[in-house]
Amino acid sequence: MSGAKLLASDNATSLAVLLAFVSAVLWGLWWIPIRWLSEIGLDAAWGSMAMNAGAAIALLIWVVARRLPIRLDARTVAGAALVGVAASTYSVALNLSDVVRVILLFYLAPAWSKIIEWAFLHRRWGWSSTATVALSLAGAYFVLGGAVSLRALNAGDMLALLSGVSWAVGATLIFVGRRSHVASLSFAAALSAVLVSAAFLIFASSDLVPGHTNVPGFGMGAGLGIAYVLPILVLTMWSAQKLSPAVLTFLLTAEILSGVISSVIMLDEPFGMMQAIGALLILGAAAGEVTPHLRRKPG
Numbered sequence: 001m002s003g004a005k006l007l008a009s010d011n012a013t014s015l016a017v018l019l020a021f022v023s024a025v026l027w028g029l030w031w032i033p034i035r036w037l038s039e040i041g042l043d044a045a046w047g048s049m050a051m052n053a054g055a056a057i058a059l060l061i062w063v064v065a066r067r068l069p070i071r072l073d074a075r076t077v078a079g080a081a082l083v084g085v086a087a088s089t090y091s092v093a094l095n096l097s098d099v100v101r102v103i104l105l106f107y108l109a110p111a112w113s114k115i116i117e118w119a120f121l122h123r124r125w126g127w128s129s130t131a132t133v134a135l136s137l138a139g140a141y142f143v144l145g146g147a148v149s150l151r152a153l154n155a156g157d158m159l160a161l162l163s164g165v166s167w168a169v170g171a172t173l174i175f176v177g178r179r180s181h182v183a184s185l186s187f188a189a190a191l192s193a194v195l196v197s198a199a200f201l202i203f204a205s206s207d208l209v210p211g212h213t214n215v216p217g218f219g220m221g222a223g224l225g226i227a228y229v230l231p232i233l234v235l236t237m238w239s240a241q242k243l244s245p246a247v248l249t250f251l252l253t254a255e256i257l258s259g260v261i262s263s264v265i266m267l268d269e270p271f272g273m274m275q276a277i278g279a280l281l282i283l284g285a286a287a288g289e290v291t292p293h294l295r296r297k298p299g
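First residue of the sequence shown: 1, per the working numbering; consecutive thereafter.
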C-alpha cells in the first residue's frame, strides 16, 4: 500500500473512532429527551415512536431524493430491525426503571455478543470471552444490589435486558450481512423502532405503557428525532462498517460514562457503592473483550 493510501486509511479509521465515541456519548444522554417528552405528555412508547418517526421520515426523504440504492439482504434487514427493537425497548425501559439500572443492564450486550459469536458464528472461545461474560454478569449482580431473582427485576429492567440482547444479535447480523448504504440501514432501524413502539401501545397493558399523548408533543418528538436520533443512527451505522465489532463495542461503552454521570447529577436516583462497582465491572468486561484485538498486529 502506498504512503498516500495508508495515510488515507489511517485518517478514515481515526474519524470512525471519533464518530463512534461521539455517538456513544449521545446514546448515553438518550434518557434526557425521553424523560422530557414524558413530562410534556408523551408517555413511554409514545416518545420513542415520535422520535424514531421523525428520523425515519427524514431518512426516507433523503434516500428517495438522492436515489440511493437500497441493497439490504435478509440478514442485514433482520439486523437493522433488531437494532430498532433495541432502540424502542431501551426508550420504554428508561421510563419504567432507574436510568443507571437501564444503561448498565443494557450493557450486558458484550456478553450476549460473545455467546452468539461462539454458538452461531463458530468463533473461538478464549480467555477474553470468559472474562467478558464473567465480568458482565458480576457487574449485573452489583447493579441489582445483589438481588438476582426474577422478582427483583421490574418491567424496565427486563426491557433493558431485552434491548441488550436485540442489539447484540442485530449488530452481529449487520456485520455478517452485505454492506449497505448507511442511510438505508438507518431508515430500516428507525422504521422498526416505530413499529415496535406502536406494538407496545396496541398490545401492552395500560399499566406498562400509559396511552397519553398530544399532537404538539408528538411534533416536538419528531423534531427531536431529526435533530438527535437521526445523527446517532447514522454515526453508529457508519462507524460499524469501518471498525471491527470488538473495537466498536469498546468505544460505545462511553455511553455508560455519559449516561451514568448525567443521571447521577440530574436525577434523584439511587447510586451507591454497589452500582459503582457494577459499572466498573461492566466497563472491565468491554476492555477485556477489546484488548486482544488491539494487541494484534495488522497483516
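By construction, the Cβ of each residue, glycine as well, lies at the ideal position given by its N, Cα and C atoms. Everything numeric in this text was worked out from a predicted model, so none of it was measured.
Check whether T56 and A198 have beta carbons under 8 Å apart
Before going further, note that residue 56 is Ala rather than Thr in the sequence given. Taking 8 Å as the Cβ cut-off, A56 and A198 do not qualify as a contacting pair.
Whole-angstrom C-beta distance between G54 and G223, which should lie under 8 Å:
6 Å
Range covered by the alpha helix (DSSP H) that runs through D157:
A155 to V176
If contact is defined by three or more beta carbon pairs under 8 Å, each pair taking one atom from either stretch, is the stretch 26-40 in contact with the stretch 159-167?
No: the two stretches stay apart, fewer than three of their Cβ pairs being nearer than 8 Å.
What does the alpha-carbon distance come out to for the pair A285 and P216?
Each residue's Cα considered, the two are about 43 Å apart.
Assign F203 to buried or exposed, taking buried as 16 or more other Cβ atoms, counted over all protein chains shown, within 10 Å of its Cβ.
exposed
With DSSP run on the structure shown, which of helix, strand or coil describes R123?
coil
Is it buried or exposed, L18, if we count other Cβ atoms within 10 angstroms and call 16 or more buried?
Residue environment: L18 is assigned as exposed (fewer than 16 neighbouring CB atoms within 10 Å of its CB, all protein chains considered).
Nearest-angstrom Cβ-Cβ length linking V25 and A279, presumed shorter than 8 Å
That pair is no contact at about 16 Å.
What residue range is occupied by the uninterrupted alpha helix (DSSP H) comprising E39?
W31 to E39
Between G126 and the ligand SAM, is the CB less than 7 Å from at least one heavy atom?
Absence of the ligand SAM from the depicted structure is noted, as is the absence of any ligand whatsoever, leaving it without description.
Please report the Cβ distance between V102 and A111, rounded to the nearest whole angstrom; I am assuming they are in contact, meaning their Cβ atoms lie under 8 Å.
Not quite, the Cβ-Cβ distance comes to about 16 Å (not below 8 Å), so this is no contact.
Through-space distance from L173 to F218, alpha-carbon basis
32 Å
If you draw a straight line from the alpha carbon of P298 to that of I232, how long is it in whole angstroms?
In this prediction, P298 scores a pLDDT of 46, lower than 50, which makes its location untrustworthy; the coordinate-derived value is nonetheless stated afterwards. The straight-line gap from Cα to Cα measures roughly 29 Å.
Rounded Cβ spacing between L60 and F200 (contact assumed at less than 8 Å):
With 8 Å as the limit, L60 and F200 do not qualify as a contact, their Cβ atoms being about 22 Å apart.
Indicate the three-state DSSP secondary structure (helix, strand or coil) for L6 in the structure shown.
Because the pLDDT at L6 is just 45, under 50, the model does not fix this residue reliably, and the point stays unresolved.
Considering only C-alpha positions, which residue in the set V176, L235, A80 and D98 is nearest to D268?
D98
Considering only the alpha carbon of each residue, which of A16, W118, F106 and T132 lies closest to I256?
Nearest C-alpha to I256: F106.
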